[in-house]
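*Asks:* Quick one: this structure, given as structure tokens, is what I'll be asking you about.
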């Protein structure tokens, strides 16, 4: 899917991204027991090591391949339930019951991934036995003063690419979310400026009238022109931003985790500041956001089922599929481990009826 | 399975037949909503186009591969539920909401199959984007004056070949349908004449006494000699015909649809004319026919399970497997797209204890 | 896994053993109806032939591949339910209803396996259409005077190798069966002598104190030093033997059947002789044995799931994995059909904290 207009046959939009941080769970859910998780098809076990910091190992004991997640944490070490071998957060073997000698030896290491805690999430580095090349991405405005923060976690039955494109795609909102977000009547033609940088892409909607659906009327009862920018940030963040005047600000940030080829976990944070008290809005906005996410999940499930039944995908894009091709460009470059060239790499302008 | 006596190892008796018409549903079940179906492993969506005539498209939107069967029909066009693209019955893209320009372009076509309505069924042509080389087969005597017509639709868990052979096989009736159709006691040796033509094969049972089971006694209480011919008609019709004198006539025609490699949908029409009023017979014959079809379905399920467990089939035929080898000959020739040579191609005579 | 210390990557510890006897069912469960079973991935049907002796055929009719296990036994012959073909215990075709001629011919034979009855079990030879090279293994002390005999049958979700190693592995007992058999506290260092012969391997524990868990205290309330030998006997027998003085003797013999690559059926016979009346012990020992077997089954299920998820196994062994490498050596030699060299092939001594 490298070109904006046209189509291509790809077996499936699966990418595996090395050297990247991904969320594996809420920090609050990782307590005394080890937690089994999956990252890009790799089975992992996450637990809190000696200092309470998260640690992540491949979820199989190097001895007889029992899953370490079936074991228990003993003084910051993970003990296998089959023969009692113990591993520290770095994967070193610290105890082999019954053995008369030193437990530690190279062949007895558990494969380890870097892990850390930030913004209320546990993050794991995708490449095993490697020192991280950077820090996890940050959530802007999360729990910021004056902002209401709504968190949502949802498993999407689709590839990372399709989940990202869906989150940043405007044309589907008038159909899939008919009435909630946009309507297909009374369209206006506006310009969209599309830019791609080394590590992100964005679509800026110029002079967009306030969306006509329920969400738009709720957030800006008086109408007007909004500032609307959609962003993709490597490796897997989709961000939708709306501003109306100085007072009203909506930021929907979804950090996505490629769990398996066709399963993407979406960790969404909605940050909302309005002229009216945000506390009043949360009980209204939360079920709306849930409903929109579920509609997206349902169509992704159908799309993925179709892609699997047809044993591959064949995508015909038009110029109003503004961010999909840019996301695909950046994802495949990251999958190949290509170094990013700083600065603006690409810019074009598209006319869209919105 | 090319020879009458002997056996051969085939991975499985799967054939894919190009350029043929198959039934996909009863015409009465295709109304305002699109219907998802499968033909020879291809996922299709069937709907009624602008003039009410059936249309068939591959069941994926060329844009983002959502299934078109999840959409709706709007003024004879099929609208995708994801972004609202619309397609006519020929597969042309007629609308792309949000796009400032013409929707129609080659890469945006949906793959289309010829479709039509006949004898109460919707038929679809197996080769996509192709003009049909002929018309669908006809059901003889369906709803003819003086005939009772019973329709049955059943999904068989087996290949098209095994479903066809089963429908036309005589020796199994004394065992699988013991008592219902034939019994294994009191056998008579008779001659069977086997003929193969360009597009069909038949077995004529010469001087066959009236079948001894329940069905035979019901249809001809006085006994006698019947005229009995079993026929296979390309691509997938099995027909069993019995005549007793001028008044009694039974014609069981099964048009089969190869849904998937190991799933065959059987559309059976029983046409029945007897000296006694046929209206009285329908309530008796219908449950008998259902019971026989279910016994056949059960043994095909076991046969298919065994073939899959043994990763292929190995069939030892004898000379009383009269039509199986002829069906296989015609099916594989049709699968290779070989032109049919008119006239009688083969004839032989077999002795069978019946 | 050929070396004692170290590790290796094997796709999975699957072996297929030709020319061996395996148990397929209790003799008492094989009565008038044929029984479907699986041996090393091959689907078989077992039935009692003309003289009442067990017979085993491949579970598909050579005619149209229906499963013979769906048929019935008629005067010691197995009749297929589809067309009524009949086979004797050697696989010869004895009847083809409707055929005017001799039923027997080479292509109509059913594949046959040697079968016999011994020690209350039905045994089947793993190589089809072959005369057995020997007799099935015997269970020592089964139903011997003065011994209590407890039989257990359990399906283990793991390869034959992992089921065998688990049955003969000492270090896991202190963890997986904590409290029941051994405890991890108060360990003693003892010597283990490991020997491999042509057709078996054994580990002799020298000067082992009576096990500290519930089973040990039950069997020898007074403590003391036990004689403890663990044995693997080709093709698939694991035997654990404890003696305490002249009076107390515990023999746990598990004959294993490789049903499928990752399914092993374990037929266990516990033979027990104690100073106190064994009748009193059976109601206590039986639930204990059941609990231990279920714990083993649970960990094997987790181990197998992990091996499949990681698409292969990677085993790091230490010197206290005393029998696993010897079992693997003998199994792979037997799988290659290598002739066994008589006598002691290997001996070494290991220190273990027990």
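Protein chains in written order, with my numbering: chain A, 3 to 356; chain B, 3 to 356; chain C, 3 to 356. Glycine residues also receive a C-beta, built at the ideal position from the N, C-alpha and C atoms.
For the region 167 to 201 of chain A, enumerate the residues whose C-beta is nearer than 7 angstroms to any C-beta of chain B, in chain order.
*Replies:* 173, 174, 176, 177, 178, 186 and 191
*Asks:* How far does the alpha helix (DSSP H) with residue 327 (chain B) in it reach, from first residue to last?
*Replies:* 326 to 337
*Asks:* Taking a cut of 8 angstroms between CB atoms, which residues from the region 289 to 312 of chain C lie near chain A?
*Replies:* 301, 304, 305, 307, 308, 309, 311 and 312
*Asks:* Would you kindly check if the distance between the Cβ of residue 341 (chain C) and the Cβ of residue 22 (chain C) is under 9 angstroms?
*Replies:* no
*Asks:* Start and end of the beta strand (DSSP E) containing residue 107 (chain B)?
*Replies:* Element bounds for residue 107 (chain B): n/a, residue is neither H nor E.
*Asks:* Is the CB of residue 278 (chain C) under 9 angstroms away from at least one CB in chain A?
*Replies:* No, residue 278 (chain C) does not count as interfacial toward chain A.
*Asks:* May I ask you to list the residues that DSSP assigns as paired with residue 342 (chain C)?
*Replies:* Answer is none; residue 342 (chain C) lacks a bridge partner.
*Asks:* Select from C:197, C:167 and C:210 the residue whose C-alpha is nearest the C-alpha of residue 184 (chain C).
*Replies:* C:210
*Asks:* Residue range of the alpha helix (DSSP H) that residue 168 (chain C) falls in?
*Replies:* 162 to 170
*Asks:* Shorter than 9 angstroms from the beta carbon of residue 74 (chain B) to some beta carbon of chain C?
*Replies:* no
*Asks:* Do residue 52 (chain A) and residue 87 (chain A) count as a contact pair if the criterion is CB distance below 9 angstroms?
*Replies:* no
*Asks:* Below 8 angstroms on the Cβ atoms is my guess for residue 68 (chain C) versus residue 328 (chain B); work out the distance and round it to an integer in Å.
*Replies:* Residue 68 (chain C) to residue 328 (chain B), Cβ: 21 angstroms. No contact.
*Asks:* For residue 115 (chain B), which residues of its own chain have a beta-carbon under 6 angstroms away from its beta-carbon, when the five flanking residues on both sides are left out?
*Replies:* Here the set comprises 58, 126, 127 and 130.
*Asks:* Of the residues that make up the region 63 to 97 of chain C, which ones have a beta carbon closer than 7 angstroms to any beta carbon in chain B?
*Replies:* 64, 65, 66, 67, 68, 69, 72, 83, 84, 85 and 86
*Asks:* Could you check whether residue 75 (chain A) and residue 34 (chain A) sit closer than 9 angstroms to each other, using their CB atoms as the reference points?
*Replies:* yes
*Asks:* Quick one: using the 10 Å Cβ neighbour count with 16 as the cut-off for buried, is residue 220 (chain C) buried or exposed?
*Replies:* exposed
*Asks:* Cutting at 7 angstroms between CB atoms, please list the residues of its own chain near residue 309 (chain C), excluding the five before and the five after it.
*Replies:* 14 and 315
*Asks:* Taking 9 angstroms as the CB-CB limit, is residue 256 (chain C) close to chain A?
*Replies:* no
*Asks:* In chain order, what residues of the same chain lie with their CB nearer than 6 angstroms to the CB of residue 195 (chain C), ignoring the 5 residues before and after it?
*Replies:* 206 and 351
*Asks:* Bridge partners for residue 268 (chain B) per DSSP, in chain order?
*Replies:* B:156 and B:258
*Asks:* By the DSSP assignment, the beta strand (DSSP E) with residue 78 (chain A) in it spans what residues?
*Replies:* Where residue 78 (chain A) is concerned, there is no enclosing beta strand (DSSP E), given that its DSSP letter is neither H nor E.
*Asks:* Check distances from the C-beta atoms of the region 333 to 356 of chain C to those of chain A and list, in chain order, the residues that come in under 7 angstroms.
*Replies:* Taking 7 angstroms as the Cβ-Cβ cut-off against chain A, the residues of the region 333 to 356 of chain C that qualify are 353, 354, 355 and 356.
*Asks:* So, using beta-carbon positions, are residue 199 (chain C) and residue 344 (chain C) closer together than 9 angstroms?
*Replies:* yes
*Asks:* Using a beta-carbon distance below 9 angstroms, is residue 320 (chain A) in contact with chain B?
*Replies:* yes
*Asks:* Secondary structure at residue 89 (chain B), three-state DSSP: helix, strand or coil?
*Replies:* strand
*Asks:* Could you tell me whether any Cβ in chain A is nearer than 9 angstroms to the Cβ of residue 131 (chain B)?
*Replies:* no
*Asks:* At 4 residues or longer, and completely inside the region 175 to 207 of chain A: list those alpha helix (DSSP H) runs for me, N to C.
*Replies:* 175 to 178
*Asks:* According to DSSP, is residue 56 (chain B) part of a helix, a strand, or is it coil?
*Replies:* strand
*Asks:* Where does residue 213 (chain A) fall in DSSP's three states?
*Replies:* Coil, per DSSP.
*Asks:* Take residue 158 (chain B) and list the residues in its own chain whose beta-carbon comes closer than 7 angstroms to its own, dropping the five residues that flank it on each side.
*Replies:* 165, 266, 268, 299 and 302
*Asks:* For a test of the three-state rule: what should DSSP assign to residue 25 (chain A), helix, strand or coil?
*Replies:* strand
*Asks:* Indicate the three-state DSSP secondary structure (helix, strand or coil) for residue 298 (chain A) in the structure shown.
*Replies:* helix
*Asks:* With DSSP as the reference, label residue 17 (chain A) as helix, strand or coil.
*Replies:* coil
*Asks:* What span of residues does the beta strand (DSSP E) with residue 316 (chain B) cover, start to end?
*Replies:* 315 to 319
*Asks:* Go ahead and label residue 282 (chain B) buried or exposed: buried means 16 or more other beta carbons lie within 10 angstroms of its beta carbon, across all protein chains shown.
*Replies:* By the 10 Å Cβ count, residue 282 (chain B) comes out exposed.
*Asks:* So, with DSSP's three-state summary, where would you put residue 291 (chain B)?
*Replies:* helix
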